[in-house]
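S.K.: If you read the protein sequences in the order shown, they are chains V and A. Counting from 1, position 23 in the first sequence corresponds to residue 22 in numbering that gives the first Met the number 0; the numbering is continuous, with no gaps. Counting from 1, position 79 in the second sequence corresponds to residue 78 in numbering that gives the first Met the number 0; the numbering is continuous, with no gaps. Where a beta carbon is used, it is the ideal one built from N, C-alpha and C, also for glycine.
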Amino acid sequence: MSSAATLQHADVNDAHHEHHHHETFISKYVFSQDHKMIAKQFLVTGIIWAIIGGLFSVIFRFQLGYPDSTFPWLEDLLGHWAAGGKLKPEFYYALVTMHGTILVFFVLTAGLSGTFANFLIPLQVGARDMASPMLNMLSYWFFFLSSIIMFSSLFVQTGPASGGWTIYPPLSALGDASSGAKIGMDLWLVSMAMFIVSALLGGLNYITTILNMRTKGMSMTRLPLTIWSLFFTAVLGVLSFPVLLSGAILLLFDRNLGTSFFLSDIVIAGKILPNEGGSAILFQHLFWFLGHPEVYIILLPAMGMSSEIISVNSRKPIFGYMAMVGSVFAISILAFLVWAHHMFVTGLNPFLGSAFVLLTLLIAIPSAIKVFNWLTTLWRANIRFTPGMLFAIGFVSLFISGGLTGIFLGNSALDLHLHDTYFVVAHFHIVMGVASFFGMFAGVYHWFPKMFGRYLNNTLAFIHFWITIIGAYLIFWPMHYEGLAGMPRRYYDYSGWTSFNMFNGLNEFISLVAMIVFAAQLLFVFNFFYSMFRGRKVTETNPWGSNTLEWTTPIKPGHGNWPGEIPEVFRGPYDYAKDGKEFIPQNVPVGDDESKGH
Amino acid sequence: MATLAIEQRKKIHPHKFTLWVGIGSLLMMFAGLTSAYIVKRNQANWLTFDLPSFFWYSTVAIICGSFTIFLAERAYKKQEIKKYRSFILVTFILGVLFIVFQLLGFQQLWSKQVKLTGNVSYSFLYVIVSMHLAHVVGGLLALLILFAKTLGTKIKIYNPVPVELVSTYWHFVDVLWIYLLIFLIMIR
Chain V
0 MSSAATLQHA DVNDAHHEHH HHETFISKYV FSQDHKMIAK QFLVTGIIWA IIGGLFSVIF
60 RFQLGYPDST FPWLEDLLGH WAAGGKLKPE FYYALVTMHG TILVFFVLTA GLSGTFANFL
120 IPLQVGARDM ASPMLNMLSY WFFFLSSIIM FSSLFVQTGP ASGGWTIYPP LSALGDASSG
180 AKIGMDLWLV SMAMFIVSAL LGGLNYITTI LNMRTKGMSM TRLPLTIWSL FFTAVLGVLS
240 FPVLLSGAIL LLFDRNLGTS FFLSDIVIAG KILPNEGGSA ILFQHLFWFL GHPEVYIILL
300 PAMGMSSEII SVNSRKPIFG YMAMVGSVFA ISILAFLVWA HHMFVTGLNP FLGSAFVLLT
360 LLIAIPSAIK VFNWLTTLWR ANIRFTPGML FAIGFVSLFI SGGLTGIFLG NSALDLHLHD
420 TYFVVAHFHI VMGVASFFGM FAGVYHWFPK MFGRYLNNTL AFIHFWITII GAYLIFWPMH
480 YEGLAGMPRR YYDYSGWTSF NMFNGLNEFI SLVAMIVFAA QLLFVFNFFY SMFRGRKVTE
540 TNPWGSNTLE WTTPIKPGHG NWPGEIPEVF RGPYDYAKDG KEFIPQNVPV GDDESKGH
Chain A
0 MATLAIEQRK KIHPHKFTLW VGIGSLLMMF AGLTSAYIVK RNQANWLTFD LPSFFWYSTV
60 AIICGSFTIF LAERAYKKQE IKKYRSFILV TFILGVLFIV FQLLGFQQLW SKQVKLTGNV
120 SYSFLYVIVS MHLAHVVGGL LALLILFAKT LGTKIKIYNP VPVELVSTYW HFVDVLWIYL
180 LIFLIMIR
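1. Considering only DSSP beta bridges, list what SER420 of chain V is partnered with.
2. Under 9 Å Cβ-Cβ, which residues of chain A neighbour ILE515 of chain V?
3. Can you check which of these residues, V:ARG127, V:MET129, V:THR157, V:MET36, is closest to GLY78 of chain V by C-alpha distance?
4. List the residues of chain V that PRO13 of chain A touches, going by C-beta distances under 8 Å, in chain order.
5. Quick check on ALA471 of chain V: does DSSP put it in helix, strand or coil?
6. Whose Cβ in chain A lies nearer than 7 Å to the Cβ of THR258 of chain V?
7. What residues of chain V sit near ALA141 of chain A, judged by a beta carbon separation below 9 Å?
8. Quick one: which chain A residues come within Cβ less than 9 Å of HIS340 of chain V?
9. State yes or no: is the beta carbon of GLY174 of chain V nearer than 8 Å to at least one beta carbon in chain A?
10. Rounded to whole angstroms, what's the CA-CA distance from VAL89 of chain A to MET27 of chain A? Just pull it up for me.
11. Let me check understanding here. Comparing Cα to Cα, which of V:PHE55, V:SER313, V:ALA339 lies closest to LEU377 of chain V?
12. Using DSSP's beta-bridge definition, name the partner residues of ILE271 of chain V.
13. Is the region 482-499 of chain V in contact with the region 522-530 of chain V, if contact means three or more CB pairs nearer than 8 Å?
14. Note down, in chain order, each residue of its chain lying with its Cβ closer than 7 Å to the Cβ of ASP13 of chain V, except the 5 sequence neighbours on either side.
15. Taking Cβ positions only, does ILE248 of chain V come closer than 8 Å to chain A?
16. Determine the contact status of GLY23 of chain A and VAL242 of chain V, defining contact as a CB-CB distance below 8 Å.
17. Inspect the beta-carbon positions of ASP414 of chain V and PHE343 of chain V and report whether they are closer than 8 Å.
18. With a cut-off of 8 Å on the beta carbons, I'd call LEU289 of chain V and SER239 of chain V a contact; round off their distance for me.
19. Any Cβ of chain V within less than 8 Å of the Cβ of SER85 of chain A?
20. Enumerate in chain order the residues of its own chain whose CB-to-CB distance from THR551 of chain V is below 6 Å, with the five nearest sequence positions on each side excluded.
21. Please report the distance separating the alpha-carbon of TRP19 of chain A from that of TRP465 of chain V.
22. Taking all protein chains shown into account, do 16 or more other C-beta atoms lie within 10 angstroms of the C-beta of ASP128 of chain V, making it buried, or fewer, making it exposed?
23. What is the rounded straight-line gap between the Cα of ILE364 of chain V and the Cα of GLN32 of chain V?
24. In whole angstroms, give me the CA-to-CA distance for HIS418 of chain V and ASN274 of chain V.
25. At the level of alpha carbons, what is the spacing between PRO553 of chain V and THR207 of chain V?
26. Considering only residues of the same chain and omitting the five flanking positions on each side of LEU361 of chain V, which have a CB-CB separation below 7 Å?
27. By the 10 Å Cβ neighbour count, where 16 or more other Cβ atoms means buried, how is GLU72 of chain A classified, buried or exposed?
28. Would you kindly work out how many angstroms separate the C-alpha atoms of LEU199 of chain V and PHE115 of chain V, rounded to a whole number?
29. Can you find a CB in chain A that lies within less than 8 Å of the CB of HIS291 of chain V?
30. Is LEU173 of chain V closer than 8 Å to ILE267 of chain V when the C-beta atoms are compared?
31. I need the DSSP call for LYS536 of chain V, collapsed to helix, strand or coil.
32. For HIS284 of chain V, which residues of its own chain have a beta-carbon under 8 Å away from its beta-carbon, when the five flanking residues on both sides are left out?
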């Protein structure tokens, strides 16, 4: 990017110069167009969803841990779905489906990207707001609408969608297939359509803001790694969500208008359906063309934030900045080329499968580069173990543990055995679910002072961290052994199989730990809301001694972010431990005698 | 300052850039639909179909619409507001004509027993064409807003961005239709 071109970025920004307009409660907190407030709206909505989604997993873990027991309080909570204190199989499937949907889309996509892309992009690239604050506001409200529809589906008489978060037809296409395939499924589809609109509006804004609204001097190679990650996340979303939408549209036609895109030769309740010529596998191709990039839509922001937080708290430049950018780019490209590794057991041509094995295993290379760079950044560093840093290191640990099992699953020969077992559950929960949660927690602990002008309580944060990291491993590590022994996922009750009876104790143990870990999350929720109003006040603008531009704003920045001119950028974001200085912010001009290192 | 002004003209407006990324996103949706079409076509139970003649009339209407919106944009930039208003109106009418011809086309198909639920190839034809139609309706709403704006108070500042945005979008739905038409003719 030429210096002349970047000059106009500042000028474009100045169009938004100084937003000191009068704001009412509604315009400031509800229909706000300030990216920081929209970020907080995404975050709070995401937290509410995380509690609901987490609670669902605790409830179905009761069934898995204690299949022969009854819990009268379950009936009080769920009514006829847990008559006699025992969860009904239909509702077990609904809970599993909604747990997946909520966590994958509402928490780890909207709650994670929506929060940090909104909050960090304008602040870190040096812009007063997003390219289109109006579209940004609409993005949140489409998400809100989608949330309301999904939430209301929990209360319909036939129950919420229950065909799995992947909504494979024919279960999802035929209303008669199960109780959860009736109105609950329709609401699921409508909600997801709204969600996709929200994700697209957000993504368009993120990409445009990063490419068009950077401040003077902020060339692409001076962008913090958070921004690079959020940029590729947005690109993945903008290119893959529309394909899911096309699949969902065809599914809607099959459900409601009698077409047969995904249906053929089906007998249901003794009745032969007229549908002919469709292919359920076709839906899987359309779904996983989104579904796999979606994994990285969830993971990349966590990677970017962890990179930033690890560098800041190691007081060292990130090791291999360009390699980090290159590896995120490579992961993003490969993300579009590996979808069929979810479909090895669908009768896929083995030769085609081999190509997907190769492409899948290639992801190990950029992933390993990233891990190597995080570890070398930590190597011999003056590490400050802040809560944010602990969670960022936790992310790296989980990414390694979960990533390695991906190499097992990426091999089609091994996958034939491991597919649809608890090995898969363990793999994706560690590498995509918990790891991304750790990235999100790292982000919240690190940027909370910038968001609210107050600190979170450290003691509660440390307790939260240790229970969560130990608990996460205790929950998911044993599942690998269950999976290797062939224990299938999605079953309501394993007690009927003598081959799986040896895992009864283990299942009970996993359920117990899951409850403890869920309780520890409530500690975080308390800390979050308590500290928002009562936490220790931030008294310095740059409490972590960070180089990026968000810390050059006032402690509580107004709409427009900087009261005066937007700072000019003179250097990259990782000038730590340079020329005897602990850190040199991006807006500090390069001195004549400064070394060229980093 | 002069250099800065020139640079500013070269610089794409953020909203226009957003539209281009959005167009990329919409293309992915149609890529998804047409890819699914190709995959399905290579499997058993696929019936071919002939496109109705009304689709050709609608093609003429939308191409003319692209031309008139180009004229509207030019008139706006010359600040010839009456001319601009007329061209926007003509583009709108051509857009409505496009939709009418498409609906008549559907009627023609229906009368030849090419029905939505008849065969999966027919279903694809209806879904793909109607998805495009929905995007044309979106463009019509935008045209309506542009037209309504010319009826209000006298324009003091001629901001070209909204007109350019609608114009780009309209060209997009035009080109998209031509692509879909060629696709549906070549791959049946």
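M.R.: Quick look at the numbers:
1. Working through the first sequence from its first residue, we reach residue 420 of chain V at position 421. Sequence check: residue 420 of chain V is Thr here, not Ser. DSSP, once it has assigned bridges, lists V:PRO487 as partnering THR420 of chain V.
2. For the purposes of this step, residue 515 of chain V is identified with residue 516 of the first sequence, where counting begins at 1. Within chain A, no residue comes near ILE515 of chain V; the closest Cβ sits about 43 Å away, beyond 9 Å.
3. Counting from 1 along the first sequence, the entry for residue 78 of chain V is found at position 79. Ranking V:ARG127, V:MET129, V:THR157, V:MET36 by Cα distance to GLY78 of chain V puts V:THR157 first.
4. Position 14 of the second sequence holds residue 13 of chain A. Within 8 Å Cβ-Cβ: VAL11, ALA130, SER131, THR207, THR208, ASN211, MET212.
5. Start at 1 with the first residue of the first sequence, and residue 471 of chain V comes out as number 472. Three-state DSSP puts ALA471 of chain V in a helix.
6. For this step, residue 258 of chain V is matched to residue 259 along the first sequence. Residues of chain A passing the Cβ test: LEU115, THR116, SER122.
7. If you number the second sequence from 1, residue 141 of chain A lands on position 142. None at all; the shortest Cβ gap to chain V is about 15 Å.
8. Here the question's residue 340 of chain V lines up with position 341 in the first sequence. Those do not exist, as HIS340 of chain V stays about 18 Å from chain A at its closest Cβ, beyond 9 Å.
9. Here residue 174 of chain V is taken as the residue at index 175 of the first sequence, counted from 1. It does not: the Cβ of GLY174 of chain V has no partner Cβ on chain A nearer than 8 Å.
10. In the second sequence, counting from the first residue as 1, residue 89 of chain A sits at position 90. In the second sequence, counting from the first residue as 1, residue 27 of chain A sits at position 28. Answer to the nearest angstrom: the Cα atoms are 30 Å apart.
11. The sequence position of residue 377 of chain V within the first sequence is 378, counting from 1. Checking every option, the nearest Cα to that of LEU377 of chain V belongs to V:SER313.
12. Along the first sequence, one-based indexing puts residue 271 of chain V at 272. DSSP, once it has assigned bridges, lists V:VAL266 as partnering ILE271 of chain V.
13. no
14. Start at 1 with the first residue of the first sequence, and residue 13 of chain V comes out as number 14. The pLDDT assigned to ASP13 of chain V is 43, lower than 50, so where the model puts this residue is not dependable; a value taken from the coordinates is nonetheless given after this. Excluding positions up to five away in sequence, the list is empty.
15. Counting from one through the first sequence, the residue named residue 248 of chain V turns up at place 249. Yes, ILE248 of chain V lies at the interface with chain A (some Cβ there is under 8 Å from its Cβ).
16. Along the second sequence, one-based indexing puts residue 23 of chain A at 24. Along the first sequence, one-based indexing puts residue 242 of chain V at 243. No.
17. Against the first sequence, residue 414 of chain V aligns to sequence position 415. Against the first sequence, residue 343 of chain V aligns to sequence position 344. Cβ distance < 8 Å, so ASP414 of chain V and PHE343 of chain V count as in contact.
18. For the purposes of this step, residue 289 of chain V is identified with residue 290 of the first sequence, where counting begins at 1. For the purposes of this step, residue 239 of chain V is identified with residue 240 of the first sequence, where counting begins at 1. With a Cβ gap of about 4 Å, LEU289 of chain V and SER239 of chain V count as contacting.
19. As a working note, residue 85 of chain A is residue 86 in the second sequence. Judged by the 8 Å Cβ criterion, SER85 of chain A is not in contact with chain V.
20. As a working mapping, residue 551 of chain V is identified with position 552 in the first sequence. Counting only Cβ-Cβ distances below 6 Å, and skipping sequence neighbours, we find PRO566, ASN586.
21. Locating residue 19 of chain A in the second sequence gives position 20, counting from the first residue. Locating residue 465 of chain V in the first sequence gives position 466, counting from the first residue. Taking the straight line from one Cα to the other gives about 46 Å.
22. Here the question's residue 128 of chain V lines up with position 129 in the first sequence. The residue in question, ASP128 of chain V, is buried, as its Cβ has 16 or more Cβ neighbours within 10 Å.
23. Along the first sequence, read from residue 1 onward, the residue named residue 364 of chain V stands at position 365. Along the first sequence, read from residue 1 onward, the residue named residue 32 of chain V stands at position 33. Cα to Cα, ILE364 of chain V sits roughly 41 Å from GLN32 of chain V.
24. Position 419 of the first sequence holds residue 418 of chain V. Position 275 of the first sequence holds residue 274 of chain V. Distance between the alpha carbons of HIS418 of chain V and ASN274 of chain V is about 29 Å.
25. Taking the first sequence and counting its residues from 1, the one referred to as residue 553 of chain V is at position 554. Taking the first sequence and counting its residues from 1, the one referred to as residue 207 of chain V is at position 208. For PRO553 of chain V and THR207 of chain V, the distance between alpha carbons rounds to 25 Å.
26. Residue mapping note: residue 361 of chain V aligns to position 362 of the first sequence, counting from 1. Here the set comprises LEU333.
27. Looking up residue 72 of chain A in the second sequence gives position 73. Burial call: buried.
28. Here residue 199 of chain V refers to the residue found at position 200 when the first sequence is read from its first residue. Here residue 115 of chain V refers to the residue found at position 116 when the first sequence is read from its first residue. C-alpha separation (whole angstroms): 16 Å.
29. The residue given as residue 291 of chain V occupies position 292 in the first sequence. So, not an interface residue.
30. For the purposes of this step, residue 267 of chain V is taken as the residue at position 268 of the first sequence. For the purposes of this step, residue 173 of chain V is taken as the residue at position 174 of the first sequence. Yes. Within cutoff.
31. Reading the first sequence from its first residue, position 537 is the one you call residue 536 of chain V. LYS536 of chain V: strand per DSSP, three-state reduction.
32. Translated into positions along the first sequence, residue 284 of chain V becomes position 285. Hits under 8 Å: TRP338, ALA339, MET342.
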